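Working notes, structure below.
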Amino acid sequence: MAGEHKQWNSHSAHVITKQRWEIGLFQPLRHGLSDDLEYATYPLWFFVMPNVSFKKAHEDRGSAKTASRLSIVYPTPLLNMLSNEGIGGLIDPNITMPPMLGLSGSLLMSWDAFGVMVTSKAGIDLGLSMGKLDTRSNIDLPIVYHRLEVFHNKWGVHAGLDLTKDMTRHLQLFVDLDVRLLPGLEKRNEDQSYQMHSGNHSIEHKLLLIWSRSSRFRIITGYKLVSGDFPHGNETRLLPYVPMLEKWVPIIELQWAR
Amino acid sequence: MKHYVAILVFLFLQGCEPFVSEFPDSSEPLTFKASNVETGSSVYQGGSIKVLTWNMRFGIGRFPFFGDSCGEDVIADEQTVTQTMEAIVDTLNVIDADIVLLQEVDLESKRSGYWNQIQYLLDNTNLNHGVYASTWKADFIPTDGIGRINTGNAILSKYPLESAERIQLRLRTDQSSLVQYFYLRRNILKAEIPELTMDQKLFFAVNIHATAFATDDTKQQHVNKYLEVLGNIHSSGNVFISGGDLNAVPPDAVTDYCMNDMCSGENYHVEGLEPYHKEGSYFENFLGEPDILSPLYDSYQPAIHEDFRNNPEHFTHAPTTSMIDGNTHRRHDRKIDYLFTNLNWEENSGFTHQGCWEVSDHMPVSATLSPTITN
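Line by line, the protein sequences are chains P and Y.
Sequential numbering of the first sequence, starting at 1, is according to the working numbering.
Sequential numbering of the second sequence, starting at 259, is according to the working numbering.
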């Protein structure tokens with residue numbers, strides 16, 4: 001069980017086996033550098049949004065595995081691409097995003113409880129901006145808004161709980177709940193005024209069914225539910241959602257390993 | 259476990275709200291009420307009834323918005339919106355109309371700072387009740403940074419509004435499916451004002467914002483529907499005040515403003531060059547368009563008499579970046595905003611408030627109803 005946890009579980013405190021590679025359609029490329037250190041990156045995004053994260057294992061706490069993760073992202077090139085005229089312009093084209101660096105540090109702890117692998121995590125997010133960040137530069141979409149808002153608010157905190165259970169030899173169930181908070185950012189105020197930045201929290205929940213054909217390939221399906229406070233009020237959205245069809249479609253993810 | 263499932267089902271339903279709102283032919287608009295209503299202020303005390311129509315351009319004043327002028331800006335800054343909304347409030351309080359028909363009112367749209375403009379106006383003016391019908395409502399418009407949008411027509415009144423109805427107008431047919439999906443859905447907003455019932459004749463307020471940029475016959479369809487709605491009220495023996503931004507010039511008016519509205523780098527009226535005319539600036543897109551408003555003038559009472567409807571002092575619109583020369587804004591060069599009734603306006607009460615040119619690219623039009631009925 002412990003050996004298996006080292007595979008596929010990028011969200012847990014388990015570090016991937018040394019020299020093993022894992023990648024998915026939407027999951028990052030993950031590689032074990034040593035027995036207690038791994039790195040991960042989204043390789044396709046890297047050209048427009050350089051990103052990397054490192055996870056380092058620490059001493060066990062009783063039967064619980066512990067680790068810390070540091071993520072670094074430079075979103076400026078991607079955001080400036082999205083700040084354009086016409087279709088695909090998600091940010092006002094008159095706005096130029098300054099150089100920005102996002103840092104996220106988390107502490108992770110994983111343990112087995114009654115046949116369920118439980119992972120708890122908590123951490124701090126920092127949004128550093130090396131220039132003037134226009135207050136009108138937000139993207140008011142679920143998932144995106146609160147992650148970008150860290151740069152306006154300068155910092156945030158996050159916490160979460162993941163549960164993974166083997167249903168059969170090849171089938172796994174994964175459920176998680178994550179909270180993002182932006183302390184200092186106000187809840188939407190109701191006094192009818194200009195408020196480009198309000199909405200101090202979001203909650204994300206995911207349920208996945210995972211079928212592992214082998215230690216080298218697996219298929220994942222499920223849903224993600226996002227609920228948060230935004231400048232326009234509270235919004236809940238089931239993802240993935242296809243706008244023109246006005247339908248939810250299940251997540252389809254394929255992952256490979258070597 | 260049961261509770262978990264129930265909560266999940268609830269959240270699932272919440273999470274599947276349409277991304278872009280499409281509307282049935284008839285639906286119920288949103289209702290609003292001022293946070294503090296003075297005792298007695300919602301009761302009609304008799305006397306004249308003042309009516310105003312105004313396309314308030316979502317509180318951005320003369321901000322060079324990319325969508326309706328030669329501007330390039332999209333998201334208005336806080337100072338612009340705050341000052342303009344305050345100016346709109348001041349204007350409404352000075353004019354002190356009993357019934358206000360508004361077009362281009364934003365409700366928690368990113369472009370105007372997520373302001374609930376309807377509630378703000380109700381809370382800061384003498385108006386107590388409001389209804390609102392979206393013309394454009396989407397979680398996110400992935401174009402030019404617009405983001406979340408909810409904008410539309412509103413009727414604000416000192417007196418309670420009931421039986422409000424949002425009447426969907428035909429969509430443009432000169433657009434691709436993708437553009438049409440994310441585009442405006444124009445409507446007529448109608449509401450009854452029971453306090454103003456006269457000799458058992460029900461009193462209605464009807465607000466319209468017709469298509470601006472269609473190059474097909476959509477505008478004719480919108481005016482036809484408008485005439486149908488007004489005709490139904492009139493033929494039922496009831497009374498109405500109505501108006502809005504019809505995006506149509508009066509009969510006998512100039513119909514070509516392409517050169518006035520032309521932006522730097524654009525060319526119009528050049529053979530072989532498409533488009534020949536600028537969208538929204540030419541009013542002969544189909545046979546009969548110059549006279550499209552004649553049935554309204556023939557059947558009902560205009561606030562601005564037809565003898566004066568084409569006079570410059572009653573012009574209500576010019577794009578915000580329209581210039582006469584390098585230094586002088588063209589403030590208004592056409593009339594496209596109107597008030598009509600099947601009652602009678604008090605003589606000479608019709609007025610076009612051209613002093614408001616800094617507060618919007620449209621001028622408000624007001625008039626006062628005589629409280630006696632003459633059909």
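Using N, Cα and C, we set each Cβ at its ideal position, and we do this for glycine too.
As the structure is a prediction and not an experimental result, all values here were calculated from the model.
query                                                                                                                                                                                    : result
Could you tell me whether the Cβ atoms of L454(Y) and Y302(Y) are closer together than 8 Å?                                                                                              : yes
Under 8 Å, do V363(Y) and F316(Y) count as touching if we go by C-beta distance?                                                                                                         : yes
Can you tell me where the alpha helix (DSSP H) with N351(Y) in it begins and where it stops?                                                                                             : 336-353
Ignoring anything shorter than 4 residues, give me the alpha helix (DSSP H) runs that lie fully in the stretch 39-74 of chain P, in order along the chain.                               : none
Within this structure, are the beta carbons of E450(Y) and E486(Y) separated by less than 8 Å?                                                                                           : no
Comparing alpha-carbon positions, which option in I87(P), F54(P), N9(P) lies nearest Y441(Y)?                                                                                            : I87(P)
Considering Cα atoms alone, identify which of G304(Y), T586(Y), A561(Y), P622(Y) is closest to N600(Y).                                                                                  : A561(Y)
Residues in the same chain with beta-carbon distance under 6 Å from D166(P), minus the five sequence neighbours each way, listed in chain order, please.                                 : Q172
Extract the residue ranges of the alpha helix (DSSP H) inside the stretch 377-460 of chain Y, only unbroken runs of 4 or more that lie entirely within it.                               : 435-440
Give every residue of the same chain whose Cβ lies closer than 6 Å to the Cβ of S106(P), excluding the five residues on either side of it in the sequence, and list them in chain order. : R69, K121, G123
Answer yes or no: do I634(Y) and I466(Y) have a C-beta to C-beta separation smaller than 8 Å?                                                                                            : Residue coverage of chain Y in this structure runs from 259 to 633, which leaves residue 634(Y) outside it and unanswerable.
Express the C-alpha separation of L551(Y) and Y145(P) in angstroms, rounding to a whole number.                                                                                          : 46 Å
Distance check for Q341(Y) and D556(Y), CA to CA, integer angstroms please.                                                                                                              : 40 Å
Hey, could you find the ends of the alpha helix (DSSP H) K260(Y) is sitting in?                                                                                                          : 260-273
State yes or no: is the beta carbon of L360(Y) nearer than 8 Å to at least one beta carbon in chain P?                                                                                   : no
Ordered along the chain, which non-local residues of its own chain (more than five positions away) have a Cβ less than 6 Å from that of A2(P)?                                           : A caution first: A2(P) carries a pLDDT of 38, below 50, which makes its placement in the model unreliable, though a value can still be read off. Cβ within range, chain order: n/a, list empty.
Leaving out five residues on either side along the sequence, give the residues of the same chain with a beta carbon under 7 Å from the beta carbon of L148(P).                           : N138, I139
Can you list the residues of chain C that L601(Y) reaches, using a CB-CB cut of under 9 Å?                                                                                               : In summary, chain C is missing from the structure at hand, where the protein chains are P and Y.
Distance cutoff 8 Å, beta carbons only. Does L209(P) sit that close to anything in chain Y?                                                                                              : no
Please state whether the Cβ-Cβ distance between C328(Y) and P548(Y) is less than 8 Å.                                                                                                    : no
What residues in its chain sit with their C-beta under 6 Å from that of I407(Y), if we drop five residues either side in the sequence?                                                   : S367, W394, A396, I399
Check D556(Y) in the structure and name its three-state DSSP category.                                                                                                                   : helix
On the three-pair Cβ rule with 8 Å, is the stretch 302-314 of chain Y touching the stretch 272-291 of chain Y?                                                                           : no
Could you list which residues in chain Y have their beta carbon closer than 9 Å to that of L182(P), in chain order?                                                                      : Within 9 Å Cβ-Cβ: nothing; L182(P) doesn't reach chain Y, min ~16 Å.
Identify whether G317(Y) lies in helix, strand or coil by the three-state DSSP scheme.                                                                                                   : helix
Should G371(Y) and A470(Y) be called a contact, given that it needs their Cβ atoms to be closer than 8 Å?                                                                                : no
How about the stretch 174-186 of chain P and the stretch 154-163 of chain P: do they share at least three Cβ pairs that are nearer than 8 Å?                                             : yes
Which bits of chain P does D364(Y) rub up against, with CB to CB less than 7 Å?                                                                                                          : Going along chain P, no residue has its Cβ under 7 Å from D364(Y), so there is no contact; the nearest lies around 11 Å.
What residues of chain Y sit near G86(P), judged by a beta carbon separation below 8 Å?                                                                                                  : T401, D402
What does DSSP give as the partner residues of Q375(Y) in its beta bridges?                                                                                                              : Paired residues: none, contrary to the question.
Around the Cβ of R424(Y), are there at least 16 other Cβ atoms within 10 angstroms (buried) or fewer (exposed)?                                                                          : buried
How big is the Cα-Cα spacing for T409(Y) and D514(Y)?                                                                                                                                    : 28 Å
Which residues in chain Y sit within 8 Å of S193(P), going by Cβ to Cβ distance?                                                                                                         : T340, G371, W373, Y378
Within its chain, find whatever has a CB closer than 8 Å to the CB of V522(Y); leave out the 5 residues flanking it on each side and keep chain order.                                   : For the record, residue 522(Y) in the displayed sequence is Ser; it is not Val. If we look at S522(Y) and ignore the five residues flanking it on each side, its Cβ neighbours are C328.
Counting only Cβ-Cβ distances shorter than 7 Å, please list the residues of the stretch 428-459 of chain Y near chain P, keeping chain order.                                            : Y439
Which residues of the stretch 138-170 of chain P have a Cβ closer than 8 Å to any Cβ of chain Y? Give them in chain order.                                                               : N138, I139, D140, L141
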